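In what follows, a single structure is set out as structure tokens and then discussed.
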Amino acid sequence: MQLSVANSIIQLLSKSAAKGTTVRSRRAVGGAKGVDKAAATAVPPLQLLAILAVIAWTLFLYLQFSVLSASVEVVDVSDGAADSADPCRGRYIYVHDLPPRFNADIIRDCGKTEDHWGDMCGFVSNAGLGRPLADPADGVITGEAGWYGTHQFGLDLIFHSRMKQYECLTNHSAVANAVFVPFYAGFDFARYHWGYDNAARDAASVDLSQWLMARPQWRRMWGRDHFLVAGRTGWDFRRSNNVDPDWGNDLLAMPAGRNMSVLVLESTFLHSSDYSVPYPTYFHPRSDADVLRWQDRVRAQNRTWFMAFVGAPRPDADARMNIRVRDHVIAQCKASSSCGLLACARSPGSPQCHAPGDIMRLFQKASFCLQPPGDSSTRRSVFDSMVAGCIPVFFHTASAYKQYRWHLPGDHLNYSAYIPEADVRQRNVSIEAVLRSIPADTVERMREEVIKLIPRVLYADPRSRLETIKDAVDLAVEGVLDTVARIKRGEYVDSGRPVSEDPPNMYISTESRFQPKSVLTIMMARLKQWIMGPQ
């Protein structure tokens, strides 16, 4: 379309030139009379220049902004995008070549986090996976089998390492269906969060915003086709929306942050631009065979614990964060002989909670893994437990159901259990009793669904490539490409999964869902609970 408009203008100018030539020829034949007539009808030079200037400016504006039209597709034959059989058609990604201060230099400063976040330098090795594990207990959770001491906030580097191996990269930004920005926002947060003022915390984000907005790739869609990975919760990048005015930076509130799709570990739902992706786990398979072998292992596990919990209490938690339910979960787990508990102190003196082997062994031995909110609504433990084939039990819809739209299915009760946190906090619900009311065959179906989801919630080793199985990066990239395509079509996009109402309260509805004729049993159980009081 662009070329046809340009050709039309050129043809118009050519006809005008040809007409001028004809007039000059006739003038030579017509003598003085022709000269007088031509002089009377000729276009003044200044007016002609003005007309040409308007035409040139119109052509420039059309060529500059027509890329935003949904009906126009920019193609580049050299990249094969014009070939309908091209496997990368609609999947091309251009990666910005950022100055090293936005990524490599940040990794170089990993030692700045030691006083508050521990030594992050060990976690940036092996393309962001961390050090390989060597678990002597069973010899299974080892580096040779794809297990690493991965930090929960290490996704920036892992994702960038994977994008370097992406099969549909292009050096031609005009061909790209999306543009990746390899800024290590999560690591930048860690190095400047403690002991610095807000200006220092925001410095790199402000610099990045200015750098991006000066690029021609940005101006094409004003950043709506750009995405970056910020490997922490969205709250860490929205200081202006936080209860604590000194927490985090304001990356997501800046012009660039508002326009880009930003992949975070937990969406804030305050803006449509931040999309949640799973926390990194310890398992990073190198091949399809690694994934299938692990799925077979967890499928065959003897689940000796009925339920389990790993985590520390939150006695000083702000009630507005809805995480005090965790203390009630811990209390019920301690009181049950069927609950495996890996209690953690919030200090480096609690080695068990930082030992991946201990965590994964417990999760592999449990049927249900209790997942109350942590410091925020989401937890890394959710994904560690799912990788172990353990059915997650949620107490708040923001822990998973409203998050991870690209990675978790919409029918939540197929792979998880839900008990409203308000019921537990009021001490009127026995978690174990609710879970035991689920029939055994239903539990088996739920566990099998969790095992099927394992590839979707893990990050494969960036130095290798899965052949037919899609992991969390594959699904995230597909989600970004779909989002950009919808924006180009003029559709409204939103980062949150619409949950019009909470899933069924299992305390009320479990038996009616699985055993429709047992209404009397439900009433008797509730009467007994009322008489006996809190346990």
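The numbering of the sequence shown is the working numbering, which starts it at 311 and goes up by one.
Beta carbons are placed, not taken as given, at the ideal position from N, Cα and C, and that holds for glycine.
Model, not experiment: these values are computed from the prediction.
For C679, the enclosing beta strand (DSSP E) covers residues 676-681. In the same chain as D584, and ignoring 5 residues on each side of it, the C-beta atoms closer than 7 Å to its own belong to G544, L562, V572, V574, S577, T578, S805, in chain order. Here H470 is near P492, since their CB atoms are less than 7 Å apart. F499 and P410 have their C-alpha atoms roughly 16 Å apart. Nearest to L723 by C-alpha distance, out of I748, R796, A509, G449, is I748.
Within the segment 750-813, complete beta strand (DSSP E) segments of at least 3 residues are not found at all. In the displayed model, P719 falls within coil according to three-state DSSP, outside both helix and strand. Per the Cβ contact rule, the segment 582-601 is in contact with the segment 709-721 (3 or more Cβ pairs under 8 Å). Ranking D407, L408, S435, G459 by CA distance to the CA of R418 puts S435 first.
Apart from sequence neighbours up to five positions away, the residues of its chain that approach S597 with a beta-carbon distance below 8 Å are S774, L776, E777, ordered along the chain. Contact between the segment 661-678 and the segment 448-467 is present: three or more C-beta pairs spanning the two stretches fall below 8 Å. Between the alpha carbons of F433 and L465 lies a distance of about 11 Å.
Beta-bridge analysis with DSSP links G650 to A618.
Boundaries of the alpha helix (DSSP H) harbouring I741: 741-746, taken from the DSSP string. With 16 or more neighbouring CB atoms inside 10 Å of its own CB, Q681 falls in the buried class.
Cβ contact annotation for C649 (same chain, cutoff 6 Å, sequence separation greater than five): M617, C643, in chain order. Rounded to whole angstroms, the gap between the alpha carbons of A510 and D733 is 43 Å. One alpha carbon belongs to T707, the other to C679, and they sit about 16 Å apart. By the C-beta density criterion, G800 is exposed, having fewer than 16 other C-beta atoms within 10 angstroms.
In the same chain as R542, and ignoring 5 residues on each side of it, the C-beta atoms closer than 7 Å to its own belong to F463, G496, F499, V574, L575, in chain order. The Cβ atoms of F673 and S695 sit closer than 7 Å to each other.
Residue state for D584 is assigned as strand, using DSSP reduced to three classes. Within the same chain, Cβ atoms closer than 6 Å to the Cβ of N413 are found at P492, Y494, the five residues on either side in sequence being excluded. Per DSSP, H503 lies in no beta strand (DSSP E) segment and is marked neither H nor E. Contact between L518 and A566 holds, since their C-beta atoms are separated by about 6 Å, short of 8 Å. For the set V744, M564, R671, Q736, the Cα lying nearest the Cα of Y728 is the one of V744.
Taking C-alpha positions only, P719 is separated from A782 by approximately 13 Å. If the five residues before and after E731 are omitted, its C-beta is found closer than 8 Å to the C-beta atoms of N632, V635, P682, P683, F705, H706, all from its own chain and listed in chain order. Non-local beta-carbon contacts of F693 in its own chain, meaning distances under 6 Å to residues more than five positions away in sequence, involve P588, Y589, T591, V767 in chain order. Excluding residues up to 5 positions away in sequence, Y585, R715, W716 lie with their Cβ nearer than 8 Å to the Cβ of G789 in the same chain. Counting the other CB atoms within 10 Å of its CB gives G449 a total below 16, which places it among the exposed residues.
Annotation: the continuous alpha helix (DSSP H) that includes H638 extends over 635-645. A708: not part of any alpha helix (DSSP H); DSSP gives it neither H nor E.
The Cβ atoms of R613 and S550 lie no closer than 7 Å to each other. Judged by DSSP in its simplified three-state form, P446 adopts coil rather than helix or strand. DSSP, read as helix, strand or coil, puts A514 in helix.
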